[in-house]
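Asks: Numbering follows the numbering used here, in which position 390 of the sequence shown is assigned residue number 392; successive positions increment by one, without gaps. Cβ atoms here follow ideal geometry from the backbone N, Cα and C, with glycine treated the same way. This is the structure I have questions about; it appears just below.
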Amino acid sequence: MIAYIYRPKRREGGKVVAARVWRARLKLNGDVKPRDVSLGVSDKQVAEQKLREVIRDHERTAVGMMAPAAQREAFQGPLEAVIGEYVADLVALGRSEDHVRHVDKRLRRLMRECGWQCLRKVTPESFLRWRTTQKQAPKTINEYHAALSALFTWLRKQGRAAVNPFEVVSKIDTRGKERIRRRALSDTEAQALLSASPEQRRTVYLFALHTGLRRGEIAKLQWDDLKLNGATSSVRVRPEINKNRKDQYLPLHSEMVAVLKSMKPETVAPHAPVFPGGVPSMKVMRTDFKAAGIALLDERGHRIDFHALRTSYITRLQRAGVSPREAMELARHSDMRLTMKTYTDTAQLPLAATVAQLPSLGLKDGKPGANTQIHTQKLVQSGQSLSPAVPQNGVAKAEETIENIGENHSQSPSVTESHKESKWRREGDSNPRCLLGTHAFQACALNHSATSPTD
3 MIAYIYRPKR REGGKVVAAR VWRARLKLNG DVKPRDVSLG VSDKQVAEQK LREVIRDHER
63 TAVGMMAPAA QREAFQGPLE AVIGEYVADL VALGRSEDHV RHVDKRLRRL MRECGWQCLR
123 KVTPESFLRW RTTQKQAPKT INEYHAALSA LFTWLRKQGR AAVNPFEVVS KIDTRGKERI
183 RRRALSDTEA QALLSASPEQ RRTVYLFALH TGLRRGEIAK LQWDDLKLNG ATSSVRVRPE
243 INKNRKDQYL PLHSEMVAVL KSMKPETVAP HAPVFPGGVP SMKVMRTDFK AAGIALLDER
303 GHRIDFHALR TSYITRLQRA GVSPREAMEL ARHSDMRLTM KTYTDTAQLP LAATVAQLPS
363 LGLKDGKPGA NTQIHTQKLV QSGQSLSPAV PQNGVAKAEE TIENIGENHS QSPSVTESHK
423 ESKWRREGDS NPRCLLGTHA FQACALNHSA TSPTD
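Below is the structure:
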């Protein structure tokens with residue numbers, strides 16, 4: 003171990019001048035190379051005391067009696083600075099603007115409403131107390147929990163936190179508690195919306211119904227992303243606008259291709275937006291829905307908004323008989339359950355027509371019909387005629403049975419003689435049961451071959 007204090011020296015005007023502040027040269031147990039740190043004091047005794055404290059803290063940290071210095075500094079520093087560093091790192095990692103904005107807003111709200119000035123006060127108990135007072139949707143509360151857990155995971159990876167205490171906090175069950183439930187438009191409602199909307203908004207609605215792209219993806223779409231080549235026409239969803247950060251291509255419907263060709267200017271820059279007017283706001287969409295006679299809420303409480311057009315697209319794929327894997331690929335989902343459950347409106351599926359295709363079971367007024375009874379009786383009678391041995395055996399008399407046995411024995415003299423000539427008791431056979439079982443099996447086999455009909 004190396005540990006000593008010193009004052010750096012330099013030469014000025016031909017003289018050696020020592021620095022005012024003491025420094026420490028350290029190489030403690032576990033260090034790969036020596037460290038040189040400033041003690042920040044000019045008094046030698048104070049510098050020696052600080053050196054002893056550094057050595058003591060290092061030894062306590064090595065045996066687990068004290069947290070590392072990085073963790074102590076992080077937990078004692080202001081929480082606002084920690085959140086600022088975390089948000090800046092999210093931006094550097096290329097997270098979307100919406101994600102960064104939501105994370106920053108949620109963490110700062112928790113800091114403000116829970117009274118967290120430093121990271122040391124951020125505890126699961128204080129978060130649970132805050133959660134019990136909230137009236138927001140369970141899904142929204144879970145997103146606050148996810149942002150807080152992600153912050154501690156980031157700190158743990160940097161060595162500034164030992165564990166993530168929010169990994170053990172259970173999430174709220176959101177099943178059946180969703181406040182926003184979207185429904186799909188039927189084909190009749192979709193046609194009515196397109197007929198009642200102005201041309202500019204009509205094209206946006208049609209594009210969403212034929213591709214399922216999200217609001218932000220459509221707003222940032224460029225003409226260079228479209229390939230209008232007949233049957234091979236497609237739209238490219240670039241990684242910078244795609245939610246899953248992938249470069250994906252989707253085929254375009256022929257109806258959509260014809261509309262896009264008609265609206266494309268003769269001279270247009272490759273990076274020009276396809277829809278310069280943007281995507282209609284919800285206020286404008288309410289006007290179009292009202293003009294089309296479409297209710298914003300149905301009898302189930304499910305609503306219609308722009309994202310519901312994506313639900314309509316995926317539900318139309320299900321009605322068209324598309325396989326689940328193809329629907330998942332066209333929806334650009336990573337989990338098939340999201341495609342099948344969240345984005346498929348079962349009210350638009352032809353369930354009644356599917357059940358009507360099942361064959362009838364022949365009931366009449368809740369009871370078996372006459373034709374069913376006749377067929378059943380014929381089936382039973384024909385089954386009985388095919389097994390004549392059953393009633394004959396059932397009415398057989400004891401004399402006939404004995405006579406049968408005698409006849410069978412007379413037809414198999416070898417078996418009878420073997421029974422008469424068996425001397426196993428006198429000769430001391432070691433396995434009399436096996437010998438007797440063999441004779442019985444041979445007798446049954448000969449009896450069966452003598453009485454069974456020929457093929």
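(1) Out of Asn246, Lys141 and Val170, which has the shortest C-alpha to C-alpha gap to Thr155?
(2) Report the three-state DSSP secondary structure of Arg37 (helix, strand or coil).
(3) Roughly how many angstroms lie between the CA atoms of Leu360 and Tyr315, to the nearest whole one?
(4) Exposed or buried, which one is Ala400 when buried takes at least 16 other CB atoms within 10 Å?
(5) Assuming Ala274 and Gln202 make a contact with CB atoms under 8 Å, what is their CB distance in whole Å?
(6) Can you tell me where the beta strand (DSSP E) holding Pro253 begins and where it ends?
(7) Go through its chain and collect everything with a Cβ distance to Thr403's Cβ below 6 Å, but skip five positions before and after it.
(8) Tell me, to the nearest whole angstrom, how far the beta carbon of Ile7 is from that of Arg25; I am working on the premise that it is less than 8 Å.
(9) Can you tell me whether Pro275 is helix, strand or coil according to DSSP?
(10) What residue from Glu87, Pro140 and Pro167 has the CA that sits closest to Lys123's CA?
(11) Taking the alpha-carbon of Asn31 as reference, which of Val56, Lys46, Lys17 and Ser40 has the nearest alpha-carbon?
(12) Please classify Ser172: does DSSP put it in a helix, a strand, or coil?
(13) Could you give the distance in angstroms between the alpha-carbon of Pro126 and the alpha-carbon of Pro326?
(14) Within 10 Å of its beta-carbon, does Asp367 have 16 or more other beta-carbons around it, so buried, or fewer, so exposed?
(15) Do Ala186 and Thr317 come within 8 Å of each other at the CB atom, strictly closer than that value?
(16) Nearest to Lys266 by alpha carbon, out of Lys229, Ser336 and Asp33?
(17) Could you name the residues of the same chain whose beta carbon sits closer than 8 Å to that of Arg216, not counting the 5 residues immediately before and after it, in chain order?
(18) Measuring CB to CB, does Glu145 end up less than 8 Å from Arg110?
(19) Excluding the 5 residues preceding and the 5 following Val18 in the sequence, name in chain order all residues of the same chain whose CB lies nearer than 7 Å to its CB.
(20) Which residue wins for smallest C-alpha separation from Thr213, given the options Tyr251, Ala198 and Ala194?
(21) Would you report the Cα separation of Lys263 and Gln350, rounded to the nearest angstrom?
(22) Can you tell me whether DSSP reads Lys222 as helix, strand or coil?
(23) So, are the CB atoms of Val463 and Leu254 less than 8 Å apart?
(24) Determine the contact status of Ala21 and Arg37, defining contact as a CB-CB distance below 8 Å.
(25) In angstroms with no decimal places, state the Cα-to-Cα distance between Gly117 and Ala49.
(26) Leaving out the 5 sequence neighbours to the left and right, which residues in its chain are closer than 7 Å to Gln320 when beta-carbon positions are compared?
(27) Roughly how many angstroms separate the alpha carbons of Arg97 and Val276, rounded to a whole number?
(28) Would Pro140 and Thr190 be called neighbours here (beta carbons separated by less than 8 Å)?
(29) With DSSP run on the structure shown, which of helix, strand or coil describes Ile85?
Replies: Based on what the coordinates show:
(1) Considering only alpha carbons, the answer is Val170.
(2) Looking at Arg37 - three-state DSSP - the assignment turns out to be strand.
(3) Approximately 28 Å, taken between the alpha carbons.
(4) Caution is warranted here: a pLDDT of 43 is assigned to Ala400, below 50, making its placement in the model unreliable, and no coordinate value can be reported.
(5) About 15 Å separates the two Cβ atoms, so there is no contact after all.
(6) Run containing Pro253: Gln250 to Pro253, per the beta strand (DSSP E) assignment.
(7) Note that Thr403 scores a pLDDT of 45, beneath 50, so its modelled location is shaky; the value from the coordinates is reported in the next line. Correct list: empty, nothing qualifies.
(8) With a Cβ gap of about 7 Å, Ile7 and Arg25 count as contacting.
(9) Under the three-state reduction of DSSP, Pro275 is assigned to strand.
(10) For Lys123, the nearest C-alpha among the options comes from Pro167.
(11) Looking at the Cα atoms, Val56 is the closest of the given residues.
(12) Here DSSP, grouped into helix, strand and coil, assigns Ser172 to coil.
(13) It is roughly 40 Å from the alpha-carbon of Pro126 to the alpha-carbon of Pro326.
(14) Under a 10 Å Cβ-count criterion, Asp367 is classified as exposed, with fewer than 16 other Cβ atoms of the shown protein chains found around its own Cβ.
(15) In this structure, Thr317 places its C-beta atom within 8 Å of the C-beta atom of Ala186.
(16) Lys266 has its Cα closest to that of Lys229, out of Lys229, Ser336 and Asp33.
(17) Take Arg216, set aside five residues on each side of it, and the residues of its chain with a beta-carbon closer than 8 Å to its own are Lys245, His309 and Arg312, in chain order.
(18) Contact: no.
(19) Close CB contacts of Val18 within its chain, under the 7 Å cut and outside five residues either way in sequence, are with Lys11 (chain order).
(20) When each option's Cα is compared against that of Thr213, the closest is Tyr251.
(21) Taken atom to atom, the span from the alpha-carbon of Lys263 to that of Gln350 is near 31 Å.
(22) Shown here, Lys222 sits in coil according to DSSP, grouped into three states, outside any helix or strand.
(23) Outside the displayed span of the chain (3 to 457) sits residue 463, for which this structure offers no information.
(24) No, these two residues do not count as a Cβ contact at 8 Å.
(25) Going from the Cα of Gly117 to the Cα of Ala49 covers about 37 Å.
(26) Excluding positions up to five away in sequence, the list reads Ala329, Thr346 and Leu351.
(27) If I take the Cα positions, the gap works out to 25 Å.
(28) Not a contact, by the Cβ cut-off of 8 Å.
(29) In the three-state DSSP reduction, Ile85 falls in the helix class (H, G or I).
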